[in-house]
Amino acid sequence: MKILVCISHVPDTTSKINFTENDTKFDTNGVQFVINPYDEFCLTRAMWFKEKQGASVTIVNVGGPETEPTLRKALAIGADNAIRVNVNPTDGFQVAKELAAVVKNGEYDLVLAGKESADYNGQMVPGMLATLTDFNFINGCVGIEVDGTAVTATREIDGGNETLSTSLPLVIGGQKGVVEEKDLRIPNMRGIMMARKKPLEVVEPVSNEASTSIKSFEKLPAKGAVKLVDADNVDELISLLHNEAKVI
Numbered sequence: 000m001k002i003l004v005c006i007s008h009v010p011d012t013t014s015k016i017n018f019t020e021n022d023t024k025f026d027t028n029g030v031q032f033v034i035n036p037y038d039e040f041c042l043t044r045a046m047w048f049k050e051k052q053g054a055s056v057t058i059v060n061v062g063g064p065e066t067e068p069t070l071r072k073a074l075a076i077g078a079d080n081a082i083r084v085n086v087n088p089t090d091g092f093q094v095a096k097e098l099a100a101v102v103k104n105g106e107y108d109l110v111l112a113g114k115e116s117a118d119y120n121g122q123m124v125p126g127m128l129a130t131l132t133d134f135n136f137i138n139g140c141v142g143i144e145v146d147g148t149a150v151t152a153t154r155e156i157d158g159g160n161e162t163l164s165t166s167l168p169l170v171i172g173g174q175k176g177v178v179e180e181k182d183l184r185i186p187n188m189r190g191i192m193m194a195r196k197k198p199l200e201v202v203e204p205v206s207n208e209a210s211t212s213i214k215s216f217e218k219l220p221a222k223g224a225v226k227l228v229d230a231d232n233v234d235e236l237i238s239l240l241h242n243e244a245k246v247i
């Protein structure tokens, strides 16, 4: 089984976010970038398939040279090789088109991608990718087992989980539950050294055309001051919740 894991290069959620050029560009100065958490769950699951079923695992990113340290970390976790599509992505459809070209050229059986990236939260790329490749698709996946070409997957739905039967080739939009946080892997020194020797192929994009462009960014408004209410003053608390917070 050939597995492709899509890796997004995203800011650490603890990073302080700022914008430049009249709020039209994201300021990367001082920002720590990491593997998108949803993608990291998928990568760990791919490693299980590699170890238990002999699958080969390739990782792919659509982005510039600045994403290569993130790809090297994924290689250190255990992926066999990496592909970087050399274009700065500006919208989800552009990313999906580039990934589709990689999937078709590599003849992959299973594509694992986080259901969304932690920076833009678009939840669009896995579904678009499945459509462009004509693969089966399951989003919100919290469990997957593969037996030959038969697949049993569990996805999260309102009020519970749903178990589905499908087949390869397949695109998965994964999230926590595909593996748990305790199962995520930290690269050790041996893995880091081996990652330096693993192939990282840079390919040119099939198109530089984007369907959308960013006009501007805007930060959330600052939170208001906290009001403390004496525990004995229930009437004041109810008044504040009703008239100011408007939650009752």
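In numbering that gives the first Met the number 0, the protein residues as written are 0 to 247.
All residues carry an ideal CB built from backbone N, CA and C; glycine is no exception.
| said: Which residue marks the beginning of the beta strand (DSSP E) containing Ile-143, and which one marks its end? | reply: 135–146
| request: State the DSSP-derived secondary structure class of Pro-204, mapped to helix, strand or coil. | output: coil
| task | Only counting runs of 3 or more residues, tell me where the beta strand (DSSP E) segments fall wholly within the region 149–231, in order along the chain. | result | The qualifying runs are 149–156, 159–166, 169–173 and 199–202.
| Endpoints, the beta strand (DSSP E) within which Asp-113 is located | Reading off the sequence, residue 113 comes out as Gly, not Asp. From DSSP, the beta strand (DSSP E) with Gly-113 extends over 109–113.
| said: Spatial neighbours of Met-46 within its chain, please: C-beta separation below 6 Å, excluding the five flanking residues on both sides. | reply: Within the same chain, Met-46 has close Cβ partners Gly-77.
| task | Report buried or exposed for Thr-211, applying the criterion of at least 16 other Cβ atoms within 10 angstroms of its Cβ. | result | exposed
| task | Tell whether a beta-carbon distance below 7 Å holds between Val-9 and Asp-118. | result | yes
| field | Beta-carbon spacing of Val-101, Val-59 below 7 Å | value | yes
| field | Check whether Ala-75 and Leu-199 have beta carbons under 7 Å apart | value | no
| request: Could you check which residue in Ile-6, Lys-1, Ile-16 and Glu-208 has the C-alpha nearest to that of Lys-218? | output: Comparing Cα positions, the closest option is Ile-16.
| field | Lys-51 classed as buried or exposed, judged by whether at least 16 other C-beta atoms fall within 10 angstroms | value | exposed
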